[in-house]
Amino acid sequence: MVRYLLTGKRLIATLLVLVGASALCGLGMWQLERHAQRAALNARIADGLAQSPVPLESVSDLQALDYRPVTARGVFDPAHEVLLRNRSLNGITGYHVITPLRLSGRNDAVLVDRGWIPLTEASPEARRAFAPPRGEMLVTGIARQPEIYAGGPKDPPLTAERPRLDAWFRVDVARIQEQTPYPLLPVFVEMQPVPDAPLTLPQPVPPPEPDQGPHLGYAIQWFSFAVILVVGYVVFQHRTLEAQRG
């Protein structure tokens with residue numbers, strides 16, 4: 001049977017089937033890698049969230065902070081507040097409100113995601129109704145690394161005609177720094193819901209529930225397609241050979 005598959009015009013078809021099966025297996029391996037990356041991310045998130053809050057001002061390596069509970073003391077500056085586009089809560093599309101917190105005793109600030117608001121409350125005038133508290137306060141939340149562009153909608157550049165963006169697609173701290181008059185820390189903080197607290201705007205949003213995602217299922221599908229292709233081809237050629245012999 002092997003000699004039959006590797007002779008005549010069947011050799012080209014056999015090679016094409018083998019190339020196709022290899023490509024399908026490659027896609028399966030890629031999905032397995034994605035599955036492993038997702039599992040590692042879930043473990044990192046769980047490990048970070050399990051730790052006690054650490055004062056943000058005492059952390060020397062801010063790049064090591066991701067999904068780690070932190071505290072920060074300072075005064076909110078709503079004058080340089082921005083919105084984060086395309087955020088939903090319970091199936092309703094809206095924005096997240098990102099407000100700089102000017103750290104006490106320092107000349108820098110950290111961006112704080114105060115939570116979700118609906119589209120109807122996104123104008124600067126409407127946001128005045130739920131401005132942050134005045135005066136110094138202690139903020140507790142989850143430290144996150146900046147969101148760098150990796151495809152999808154892109155925030156336009158700032159220009160002389162457009163010196164400021166009120167709404168952004170991602171929390172790109174370096175880009176938002178371009179329109180902020182004081183230094184920003186290279187992290188941002190997501191405020192978390194307070195148990196049993198009344199629902200107010202902005203509404204803090206908890207971290208997403210960890211899940212394995214669809215990658216393992218996709219990997220099994222790709223490997224199954226490769227097996228079906230090879231086995232189906234061999235069965236077809238075997239039946240063709242038997243018909244010729246008969």
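Going by the UniProt record's numbering, the residue at position 36 of the sequence shown is 36; the numbering climbs one at a time, nothing skipped. For every residue, glycine included, the Cβ atom is placed at its ideal position computed from N, Cα and C. Keep in mind that this is a model prediction, so the values were computed, not measured.
Sub-8 Å separation of residue i and residue j beta-carbons
i, j, result
"threonine 99", "glutamate 81", "yes"
"isoleucine 142", "proline 69", "yes"
"proline 202", "glycine 115", "yes"
"proline 193", "proline 206", "yes"
"alanine 109", "proline 146", "no"
"aspartate 77", "phenylalanine 188", "no"
"arginine 10", "glutamine 237", "yes"
"leucine 138", "threonine 71", "yes"
"arginine 87", "phenylalanine 169", "no"
"leucine 229", "glycine 26", "no"
"arginine 44", "histidine 215", "no"
"alanine 122", "leucine 83", "yes"
"leucine 62", "proline 183", "no"
"glutamine 212", "histidine 35", "yes"
Residue burial classification, residue i (beta-carbon count within 10 angstroms, cutoff 16)
i, result
"histidine 96", "buried"
"proline 55", "exposed"
"tyrosine 149", "exposed"
"arginine 127", "buried"
"proline 156", "exposed"
"glycine 151", "exposed"
"glycine 135", "exposed"
"threonine 14", "buried"
"leucine 103", "buried"
"valine 235", "exposed"
"alanine 226", "buried"
"arginine 239", "exposed"
"arginine 162", "exposed"
"leucine 24", "buried"
"isoleucine 176", "buried"
"proline 204", "buried"
Extent of the continuous alpha helix (DSSP H) run through residue i
i, result
"arginine 175", "173 to 177"
"isoleucine 45", "10 to 49"
Residues near residue i in its chain [Cβ-Cβ closer than 8 Å; skip 5 each side]
i, result
"isoleucine 92", "Pro118"
"leucine 101", "Ala72, Gly74, Val75, Phe76, Asp77, Ala109, Val110, Leu111, Val112, Val139, Val189"
"arginine 133", "First, the residue type needs correcting, since residue 133 is proline and not arginine in the sequence shown. Hits under 8 Å: Phe76."
Run of the beta strand (DSSP E) containing residue i, from where it starts to where it stops
i, result
"glutamate 125", "First-last for glutamate 125: 124 to 127, but that is the alpha helix (DSSP H), not the beta strand (DSSP E)."
"asparagine 86", "82 to 89"
"phenylalanine 169", "No beta strand (DSSP E) contains phenylalanine 169, which DSSP labels as neither H nor E."
"proline 146", "Unbroken run through proline 146: none, as it is neither H nor E."
"glycine 94", "92 to 103"
"phenylalanine 130", "From DSSP, phenylalanine 130 is part of no beta strand (DSSP E); its letter is neither H nor E."
"proline 186", "184 to 191"
6 Å CB neighbourhood of residue i in its chain, flanking five on each side removed
i, result
"tyrosine 233", "Val17"
"glycine 28", "Ala219, Trp222, Phe223"
"alanine 131", "Pro78"
Bridge-paired residues (DSSP) for residue i
i, result
"glutamate 203", "Per the sequence presented here, residue 203 reads as glutamine, with glutamate not at that position. Beta-bridge pairing links glutamine 203 to Trp116."
"proline 55", "Thr71"
"alanine 79", "Alanine 79 is not bridged to any residue."
"lysine 109", "The sequence given here places alanine at residue 109; lysine does not occur at that position. According to DSSP, alanine 109 bridges with Arg102, Leu184."
"valine 235", "In DSSP, valine 235 forms no bridge with anything."
"leucine 138", "Arg73"
Sequence-distant residues of the same chain with beta carbon closer than 7 Å to residue i, five excluded per side
i, result
"tyrosine 218", "Gln31"
"glycine 48", "Asp66, Tyr67, Arg68"
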